[in-house]
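If you count by mature numbering (1 follows the signal peptide of the UniProt record, and there is no 0), then the sequence shown holds residues -21 to -1, 1 to 88, one letter each, in order.
The beta carbon of each residue, even a glycine, is placed where N, CA and C say it ideally should be.
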Amino acid sequence: MVLFRVLLVVSALSMSATAIAKGDGDSTYRPLMQKNEKAMQEYAAARGLAPPKVTQYQYGMKMDVAKVVNMTRVDSSCNVQPARMTYKDSNGNLHTLEYRKMGVCRTHG
């Protein structure tokens, strides 16, 4: 009986680790990121600017941020999730930076 419980716990832990490794949370946030990308393309087109490319943030990146145009909101989960910031550089060009951000994580107590 004890062996059965141990096997049950081990298999439950391995399934949750597999779910995290597969990035199941990405399927939750993908539509939001696609919606943001479309909105920023429309923003650029309405102003006669080239649409911004999405760049993944890397620690230590040099950025020329003259004006923040848009920042995505994070939800109230306790999960790390994708976020984006679209900005104009000092030449007026649009850029979109994607990074990871912790959710607001509101607990009820």
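{"Check": "Inter-residue spacing [alpha-carbon to alpha-carbon] between T65 and K14", "Outcome": "13 Å"}
{"Check": "Expected contact under 8 Å - CB spacing of A62 and T51 to nearest Å", "Outcome": "5 Å"}
{"Check": "Delimiting residues of the beta strand (DSSP E) encompassing K67", "Outcome": "V59 to K67"}
{"Check": "Unbroken stretches of the beta strand (DSSP E), 3 residues or longer, contained in the region 19 to 45", "Outcome": "33 to 35"}
{"Check": "Contact check, S69 vs D43, beta carbons under 7 Å", "Outcome": "yes"}
{"Check": "P30 to N72 span [Cα, whole Å]", "Outcome": "9 Å"}
{"Check": "Cβ contact (3+ pairs, closer than 8 Å) linking the region 76 to 85 and the region 30 to 39", "Outcome": "yes"}
{"Check": "Simplified DSSP state of N15, which is helix, strand or coil", "Outcome": "helix"}
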